Amino acid sequence: MKLILELPNTSFIKLIREQQKLSKHFVQKTFLLSQNLKELIEKIKLLLGILKERSDTKLILGDNSLAEYLSERLQCPEEVAKYLISKQPALQNKSLTKMNEMIDFLYKQGFQPIHMRRVPKILLHSVETTKKRLKEL
Numbered sequence: 001m002k003l004i005l006e007l008p009n010t011s012f013i014k015l016i017r018e019q020q021k022l023s024k025h026f027v028q029k030t031f032l033l034s035q036n037l038k039e040l041i042e043k044i045k046l047l048l049g050i051l052k053e054r055s056d057t058k059l060i061l062g063d064n065s066l067a068e069y070l071s072e073r074l075q076c077p078e079e080v081a082k083y084l085i086s087k088q089p090a091l092q093n094k095s096l097t098k099m100n101e102m103i104d105f106l107y108k109q110g111f112q113p114i115h116m117r118r119v120p121k122i123l124l125h126s127v128e129t130t131k132k133r134l135k136e137l
């Protein structure tokens, strides 16, 4: 008994090649979509971070301005707080959550409001950096 191998006809081969092209195209598109999705997720995370920061700022400030907040926390007139902000303009861009943490930390370490008013730049540093520097002293 002879086995006869039949060669596939050309239309079947064309169909297989077309299927391979479609599969490759599908894989490429899926990869691009996953990359786009990752980028979108990163952008959403960034926006959520910004929204959280604004929400935290609103919780800390309430209806007050930065000068009013510093005036209250550093126990000084609002004009003095405005002067401190003009002396250290970066205070306007500092995260209020972090600034609040720094003020609380300095108070716990025994510093007085006058110390922070004399050197407002301390409010721009991180708590971790300040802890390290205090240990060195």
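First residue of the sequence shown: 1, per the UniProt record's numbering; consecutive thereafter.
A virtual CB, placed ideally from N, CA and C, is assigned to each residue, including glycine.
Predicted, not measured: the structure shown is a model, and the values here were computed from it.
- By the Cβ test, the stretch 40-58 is not in contact with the stretch 71-82, since fewer than three Cβ pairs between them sit closer than 8 Å.
- Under the DSSP assignment, H25 falls in the alpha helix (DSSP H) whose first and last residues are 10-61.
- K121 and K58 have their C-alpha atoms spaced approximately 23 Å apart.
- Counting along the chain, A81 sits inside the alpha helix (DSSP H) bounded by residues 78-87.
- Shown here, Q109 sits in coil according to DSSP, grouped into three states, outside any helix or strand.
- The residues N64, in chain order, have a CB closer than 8 Å to that of E72 in the same chain once the five nearest residues on each side in sequence are set aside.
- When C-alpha distances from S95 are compared across K38, L123, E68, H115, the shortest belongs to L123.
- Judged by DSSP in its simplified three-state form, K94 adopts coil rather than helix or strand.
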